[in-house]
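Have a look at the structure below before the remarks.
Residue numbers (full-length UniProt numbering): 1 to 431.
Structural data, given as structure tokens:
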């Protein structure tokens, strides 16, 4: 039986858990710079580090959040969850640090946002805690960092633009990391080299299957060639040579979960804009050449598999690039990241031209760009996602769905509007 929690009278609007980590510090800075009257606090295991961070925020912004040292136990984390309306988690690796936090929020009706970009971890959370989140009314939105909010949000906006422009479903969508200057943090590198030991190769492969996170699977054939975005369209939009993307597998899993949530609710009678029964999605990255793409793919797999075979390599990387470290301020000021997207409309079959060639695909294109560090972008996106969850006046899918494990795209246009205000460029236009 559902036991919805009323969390409107809790002490805090937001508690940032893991605030002293590399991304957590950026999230804390963004919270401190917001003028919304939010009551917020920072939490973590080290009271000394939290106090130092709070003092630094006070000197830079004149805001000083409350500090909550917390033990990493079920009892302590449950008490923390009951103190706040929404908890933003930036402490990874999530297999080690995220399970108890997620559980505490799901069981206590606490809204939740994180930057988890690891599909096996999200799959584990869905299986273990989705029913608890639904029963308590906890709206939980994982993966609000660069893996995989940009891909999920851009896809959602493109689908809505196709509906508005062509009044039809979307047949296929693609997002690409088009250009970037980034450096990996210690947390990202350590998460990569420990992934096999954290999950096991079998669970990684299981989570990598199509529609692994979706509540339903499509009935259509996986080999329907109509769903391919044509080479002509890719060349026309100058998307370049496309290949393996660092966040591609997780992007696909999250976007497919969004499709499943909307398609499932459409069947149940809730008035939502679904992507369409034949929708397909790809996430890629642009490279100077095919050789560069293959080389990067090999490098990532070597860094994933080799530490599992030769464990001292994990310890060496942790020693040289410890979690919590990352590019310095001078390097971050030069960084940027730009995504491109394209989606094609599922129009009725058009006649071929006189030469028998299919007509040009019709649809929309998209762009998301942030002139700054990608970890700063992750912190901004996670905080802004929490703000949307806290405001029931926002007209977004998340509030219509209610409790459960949702996706960034369920925050939709309200989130896009707030990100634009925060300095993120987002453009959507018809082809």
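No residue lacks a Cβ here, since even glycine has one placed at the ideal position from N, Cα and C.
Put residue 152 into one of helix, strand or coil per three-state DSSP.
Residue state, collapsed to three classes: helix.
If we count Cβ pairs, one from each stretch, closer than 8 Å, do we get three or more for the region 64 to 71 versus the region 116 to 131?
Touching, no, given that fewer than three Cβ pairs across the two stretches are closer than 8 Å.
Which runs of the alpha helix (DSSP H), 4 residues or longer, sit entirely within the region 304 to 356?
Runs of the alpha helix (DSSP H) inside the region 304 to 356: 312 to 320, 329 to 334.
Within a Cβ cutoff of 8 Å, which residues of the same chain sit near residue 57, ignoring the five residues on either side of it in sequence?
Taken in chain order, the residues that qualify are 28, 29, 32, 63, 64, 65.
Could you tell me if residue 288 is buried or exposed, where buried requires 16 or more neighbouring beta carbons within 10 angstroms of its beta carbon?
Taking a 10 Å sphere around the C-beta of residue 288, we find fewer than 16 other C-beta atoms and assign the residue as exposed.
Considering Cα atoms alone, identify which of 88, 55, 75 is closest to residue 390.
Of the listed residues, the one whose Cα sits closest to residue 390 is 88.
From residue 170 to residue 251, what does the alpha carbon distance come to, in whole angstroms?
Each residue's alpha carbon lies about 18 Å from the other.
Residue 38 versus residue 237 - alpha carbon distance:
Taking the straight line from one Cα to the other gives about 42 Å.
Going by DSSP in three states, residue 217 sits in which element: helix, strand or coil?
The answer is coil: DSSP assigns residue 217 none of H, G, I, E or B.
Name the DSSP beta bridge partners of residue 428, please?
DSSP output for residue 428 lists 366 as bridge partner(s).
Distance CB(residue 50)-CB(residue 69) smaller than 8 Å:
Yes; because the gap between Cβ atoms is below 8 Å, this pair is in contact.
Should residue 17 and residue 91 be called a contact, given that it needs their Cβ atoms to be closer than 8 Å?
Yes, they are a contact pair.
Residue 105 in three-state terms, based on DSSP
The DSSP-derived three-state label of residue 105 is helix.
Can you list the alpha helix (DSSP H) stretches of 4 or more residues lying completely in the region 368 to 416, in chain order?
For the region 368 to 416, whole alpha helix (DSSP H) runs of length 4 or above, ordered along the chain, are 374 to 390, 397 to 401.
For the region 400 to 415 against the region 194 to 209, do three or more pairs of beta-carbon atoms, one drawn from each stretch, fall closer than 8 Å, so that the two count as touching?
No: fewer than three Cβ pairs fall under 8 Å.
Nearest CA to the CA of residue 199: which residue from 104, 300, 119, 303?
With distances taken between Cα atoms, residue 199 lies closest to 119.
Suppose the cutoff is 8 Å on Cβ atoms and the five residues either side in sequence are ignored; what does the same chain contact list for residue 422 look like?
Residues of the same chain with a CB within less than 8 Å of the CB of residue 422, apart from the 5 flanking positions on each side, are 30, 380, 384 in chain order.
Take residue 371 and list the residues in its own chain whose beta-carbon comes closer than 7 Å to its own, dropping the five residues that flank it on each side.
Within the same chain, 336 come within 7 Å of residue 371 by CB-CB distance, once the 5 residues on both sides are set aside.
Residue span of the alpha helix (DSSP H) that contains residue 496, given as start and end
With the chain covering only 1 through 431, there is no way to say anything about residue 496.
Between 419, 82, 345, which has its C-alpha nearest residue 277's C-alpha?
Ranking the options by Cα distance to residue 277, first place goes to 345.
What residues match up with residue 14 in a beta bridge as DSSP calls it?
In the DSSP secondary-structure assignment, residue 14 is bridged to 40, 86.
Nearest neighbour of residue 376, chosen from 348, 404, 331 [CA to CA]
Looking from the CA of residue 376, the closest CA among 348, 404, 331 belongs to 331.
Give the DSSP bridge partners of residue 139, in chain order.
According to DSSP, which records beta bridges pairwise, residue 139 is partnered with 404.
Counterpart residues of residue 282 in DSSP-defined beta bridges:
DSSP lists 174 as the beta-bridge partner residues of residue 282.
Could you spell out where the beta strand (DSSP E) holding residue 9 opens and where it closes?
No beta strand (DSSP E) contains residue 9, which DSSP labels as neither H nor E.
Within 8 Å, strictly: CB atoms of residue 174 and residue 302:
No, they are not a contact pair.
Burial state of residue 257 (16 or more Cβ within 10 Å)
Using a 10 angstroms sphere on the CB of residue 257, the tally of other CB atoms reaches 16 or more, which defines it as buried.
Look up residue 69 in the DSSP assignment and give the residues it is bridged to.
The partner list for residue 69 (beta bridge, DSSP) reads 44.
Ordered along the chain, which non-local residues of its own chain (more than five positions away) have a Cβ less than 6 Å from that of residue 410?
Contacts found: 397, 398.
Quick one: is residue 407 buried, meaning 16 or more other Cβ sit within 10 Å of its Cβ, or exposed?
Taking a 10 Å sphere around the C-beta of residue 407, we find 16 or more other C-beta atoms and assign the residue as buried.
Using beta-carbon positions only, say whether residue 247 and residue 98 come within less than 8 Å of one another.
No, they are not a contact pair.
On the CB-based measure, 16 or more other CB atoms within 10 Å of its CB, does residue 420 come out buried or exposed?
By the 16-neighbour rule on beta-carbons within 10 angstroms, residue 420 is exposed.
What did DSSP end up calling residue 100 once you bin it into helix, strand or coil?
Secondary structure of residue 100 (DSSP, three-state): helix.
Residue 180 bridges to which residues according to DSSP?
337, per the DSSP bridge assignment.
Mark residue 217 as exposed unless 16 or more other C-beta atoms lie within 10 angstroms of its C-beta, in which case mark it buried.
By the Cβ neighbour-count rule, residue 217 is exposed, with fewer than 16 other Cβ atoms within 10 Å of its own.
Three-state secondary structure (DSSP) of residue 114:
Shown here, residue 114 sits in a strand according to DSSP, grouped into three states.
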